[in-house]
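Residue numbers (our numbering): 40 to 339. From the three backbone atoms N, C-alpha and C, an ideal C-beta is built for every residue, glycine too. Since this is a predicted model, take the numbers as computed values, not measurements. Here the structure comes first, spelled out in structure tokens, and everything after it is commentary.
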Amino acid sequence: MLTYKNRNSYLQGLHPLSGVMLLLLYLITFIVMDNPLYIILIMSSILFLSYIDGSFKELFRYIKLIIPFALLIIIINPILVKNGETVIYEGTINYPIFGTLRITVEAILFGCLNGLRIICITLVFGFFNLVIHPDRAFAFFSKYLKNSALLMSMTIRLFPSMIKSFNSIKEVEKLRGNKLVYDNMKKTLISQGNIVNILFLSSMEDASDMAEAMYSRGYGASKKRSSYFKEKFKKDDLLIISLCLIGLINLFLLKVKGYTDLEFYPKVQNPIESLNVYGYIFCAILFSPFFINWRWKTWK
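Encoded structure:
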């Protein structure tokens, strides 16, 4: 189950603005932060939060889905990027497109960082799908963002729906007796490419059907939108929003002072050297929702 399911949890009971701000803070952090130690700490905070929320198993499925892409980044980066002082291998053959292979430790570590970043960003979007009611979020933000809220809602739902369609297409191909995995890598890529082609065509058909359905229902014809959810801010919402604002200010200060940066080229900087009290405080802020959720779950 990769989409929203009602569990009556603390995070699902928050105002949509509170949930979006919390996940936006995580998203900006993973994009801005270059120190892998901070990234691992912050990733552990979102994993702990999903565990206490009861959505860890569903979130772990997102990790399994994105790991192949992360490994691909780790493999491709040292092949394409030739910067770095610590050379592991330097070839003599000039390959088309890639040129002469020059693999460095710095390029491998930078690829590992980007692979980890991709996993963390996927965790954020996956967690968004699991804890924020899509209709509540759309109903609230559409009052202010209008078409942008619709685009945001459709984009967030895109990943789970495409995974579901991909698995359905694979099942149909297996029922037809078509082999999907071969000993020959070229045949396997061709087979998987056919599935991706079918997925692309079915996605285009779904988009056309959705547009026709929205037009027939008169979406956007009236200036005043109907609302079926009445959202009210509670004390916990104000607490979460305050933590998010403090976290964003703290992250901005960390970025300005250079505490989020880590040099990879020409030689990798020791990540422990850039650790400081401000970074620990920022990580503590991101761990705060876990303790608030634990308190709510214990005393409810």
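The beta-carbon distance between residue 218 and residue 230, rounded to whole angstroms, is 7 Å. This is short enough to meet the 8 Å contact definition. The beta carbon of residue 64 lies closer than 7 Å to those of 283, 286, 287 in the same chain, with the five residues before and after it left out. Listed as beta-bridge partners of residue 142 by DSSP are 128. Under the three-state reduction of DSSP output, residue 49 falls in the coil class, being neither helix nor strand.
Distance check between residue 305 and each of 121, 71, 112 places 121 closest, using alpha-carbon atoms only. With a cut-off of 8 Å on Cβ pairs, the segment 88-97 is in contact with the segment 163-179, counting three or more such pairs.
Under the three-state reduction of DSSP, residue 221 is assigned to coil, being neither helix nor strand.
Residue 133 is bridged by DSSP to 139.
Annotation: residue 62 to residue 314 spans about 24 Å, alpha carbon to alpha carbon. For residue 58, the three-state secondary structure derived from DSSP is helix. The three-state reading of DSSP puts residue 161 in helix, counting H, G and I together.
Under the 10 Å beta carbon count, residue 55 is surrounded by 16 or more other beta carbons and is classified as buried. Here the segment 101-109 lies against the segment 157-165, with 3 or more beta-carbon pairs under 8 Å apart.
Counting along the chain, residue 77 sits inside the alpha helix (DSSP H) bounded by residues 75-92. Between the segment 129-146 and the segment 296-310, the count of C-beta pairs closer than 8 Å reaches three or more; the two stretches touch. Residue range 316-338 is occupied by the alpha helix (DSSP H) that includes residue 319. Around the beta carbon of residue 59, 16 or more other beta carbons sit within 10 angstroms, so the residue counts as buried. Take residue 151, set aside five residues on each side of it, and the residues of its chain with a beta-carbon closer than 7 Å to its own are 113, in chain order.
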